[in-house]
C-alpha cells in the first residue's frame, strides 16, 4: 500500500538563508543540462532587504537568480554548490521511487512525500543518517485515506490543474495561455509550470500505475 509520509530532516541546504527569512517553499528540484542541481523556491518574509546578502553567504548556494518579486515573497532559481549537493537527499528519494509533494525549509526541512513501501522509507532514512542528516517521521497514512491527498496531488496542484482544465489550457487548440492562468492564480509562469508538471505526474502515477518523473 502506497503511503503519504510527513517527515523532517536537518539538512544544511538553505539553512543560512532561512535564518534571515520566515520560510522557503521549494516548488521544484531538477538537474540542468550541465548536471547542476537547481531549485525553484519561494522565499517568504516581512523584510527581504538582506536576502541577496544571505544567499551570497550561504555555502550551499552557488548562484541565485530572481524570477519574480511580490510584497512578502520572492521566487528564485537556485543552483546548489558542491557542499549543497553533498547533502542533497533527492537523488536517494528518486532511487527508492519516493516522490516529494511539498518541501518547506524553516528551522528544519519539512517534507511531505509519496512513498511506495515502508521498506523504501526506512532505506531512505538510513541513507540520510549515513550522511549525518537527522531524520524524524511526523506522520504516516495510507494514500487512500480520505485525510490524505486524492490521487497523490496537493491542494495547490489540484487548484492549478482544475483552473487549467476549466480555462481550456488542455484543449486542442488551447483556449488560454500559461501566463493567463498564472495571473489568475497570482503566481509566476515558472511556478505554475512546475506545479502543473508535478500534479500531472502524480495523477498519472496514481491512476495509470506508471512511474513518472517529478
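Residue numbers (the working numbering): 13 to 226. By construction, the Cβ of each residue, glycine as well, lies at the ideal position given by its N, Cα and C atoms.
Which term fits residue i, buried or exposed, when burial requires 16 or more other beta carbons within 10 angstroms of its beta carbon?
i, result
"residue 46", "exposed"
"residue 39", "buried"
"residue 151", "exposed"
"residue 61", "exposed"
"residue 82", "exposed"
"residue 111", "buried"
"residue 214", "buried"
"residue 119", "exposed"
"residue 217", "buried"
"residue 25", "buried"
"residue 169", "buried"
"residue 69", "exposed"
"residue 186", "exposed"
Could you check the C-alpha separation between residue i and residue j for me, to the nearest Å?
i, j, result
"residue 204", "residue 154", "28 angstroms"
"residue 95", "residue 27", "12 angstroms"
"residue 32", "residue 64", "10 angstroms"
"residue 208", "residue 130", "28 angstroms"
"residue 132", "residue 108", "6 angstroms"
"residue 97", "residue 210", "22 angstroms"
"residue 212", "residue 173", "8 angstroms"
"residue 182", "residue 146", "42 angstroms"
"residue 80", "residue 196", "16 angstroms"
"residue 165", "residue 36", "20 angstroms"
Out of the options, point me to the one whose CA is closest to residue i's CA.
i, options, result
"residue 142", "99, 170, 65, 122", "99"
"residue 85", "192, 210, 128, 199", "199"
"residue 139", "183, 103, 167, 14", "103"
"residue 17", "113, 201, 180", "113"
"residue 53", "76, 72, 43, 44", "76"
"residue 71", "56, 29, 87", "29"
Which residue comes first and which comes last in the alpha helix (DSSP H) that contains residue i?
i, result
"residue 112", "Per DSSP, residue 112 belongs to no alpha helix (DSSP H); it is in the beta strand (DSSP E), 111 to 117."
"residue 100", "Counting along the chain, residue 100 falls outside any alpha helix (DSSP H), and DSSP gives it neither H nor E."
"residue 136", "130 to 142"
"residue 22", "Residue 22 -> no alpha helix (DSSP H), and no H or E assigned at all."
"residue 186", "Segment: none, residue 186 is in no alpha helix (DSSP H) and carries neither H nor E."
What span of residues does the beta strand (DSSP E) with residue i cover, start to end?
i, result
"residue 76", "73 to 81"
"residue 166", "No beta strand (DSSP E) contains residue 166, which DSSP labels as neither H nor E."
"residue 69", "From DSSP, residue 69 is part of no beta strand (DSSP E) but of the alpha helix (DSSP H) over 63 to 69."
Determine, using beta-carbon pairs with one atom in the stretch 48 to 65 and one in the stretch 81 to 95, whether at least three such pairs fall under 8 angstroms. yes
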